[in-house]
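**Student:**
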Amino acid sequence: MLEIKNISLQKSYENVLEQIIFDISHVMRRPVANMQGLTQLIELDKMNRETVKEVAYKLQLVSHEMDSFIKKLYNNYQQRWEELEESEKK
Numbered sequence: 001m002l003e004i005k006n007i008s009l010q011k012s013y014e015n016v017l018e019q020i021i022f023d024i025s026h027v028m029r030r031p032v033a034n035m036q037g038l039t040q041l042i043e044l045d046k047m048n049r050e051t052v053k054e055v056a057y058k059l060q061l062v063s064h065e066m067d068s069f070i071k072k073l074y075n076n077y078q079q080r081w082e083e084l085e086e087s088e089k090k
């Protein structure tokens, strides 16, 4: 019975790790790609003052979006790890 529980727990840990990898590679990819595009605009160095302000504003929005994603991911996975640890004690 203990072996079945250990296999089940191991599978749960693997599922959590796979989900973390997926979320990092997909959920975080969009804001990173947006930031890369915006910084490429800056590198062109052919922007007027108004365009610079607009790009800076968009960079700020993307950085807030990334911060929000990171906090949500952390909280979600912290809770999942705690649940797994709790089930391990049973």
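In full-length UniProt numbering, the protein residues as written are 1 to 90. Note that the Cβ used here is the ideal one computed from N, Cα and C, for glycine as well. Only a predicted model underlies this, so the values are computations on that prediction, with no experimental measurement involved.
#1: Are the region 15-29 and the region 48-55 touching, with three or more C-beta to C-beta distances below 8 Å?
#2: State the Cα-Cα distance for the pair Lys11 and His64, rounded to the nearest angstrom.
#3: In terms of residues, what are the limits of the alpha helix (DSSP H) holding His26?
#4: So which of Lys46, Met47, Lys58 has the shortest CA-CA distance to Gln36?
#5: Check this for me: beta carbons of Trp81 and Val16, under 8 Å apart or not?
#6: Need the endpoints of the alpha helix (DSSP H) that Asn48 sits in, please.
#7: Let me know the secondary structure DSSP gives Met1 once reduced to three states.
**Tutor:** Short version:
#1: No, they do not touch.
#2: For the purposes of this step, residue 11 is identified with residue 11 of the sequence shown, where counting begins at 1. For the purposes of this step, residue 64 is identified with residue 64 of the sequence shown, where counting begins at 1. Lys11 and His64: Cα-Cα distance of roughly 34 Å.
#3: Translated into the one-based positions of the sequence shown, residue 26 becomes position 26. From DSSP, His26 is part of no alpha helix (DSSP H); its letter is neither H nor E.
#4: Within the sequence shown, numbered from 1, the residue matching residue 36 stands at position 36. Taking only the C-alpha atoms, the option nearest Gln36 is Lys58.
#5: Within the sequence shown, numbered from 1, the residue matching residue 81 stands at position 81. Within the sequence shown, numbered from 1, the residue matching residue 16 stands at position 16. The criterion of a C-beta distance shorter than 8 Å is satisfied by Trp81 and Val16.
#6: The count along the sequence shown starts at 1 and reaches residue 48 at position 48. Unbroken run through Asn48: none, as it is neither H nor E.
#7: Along the sequence shown, read from residue 1 onward, the residue named residue 1 stands at position 1. Per-residue confidence for Met1 stands at a pLDDT of 49, beneath the threshold of 50, marking its modelled position as unreliable; no derived number is given.
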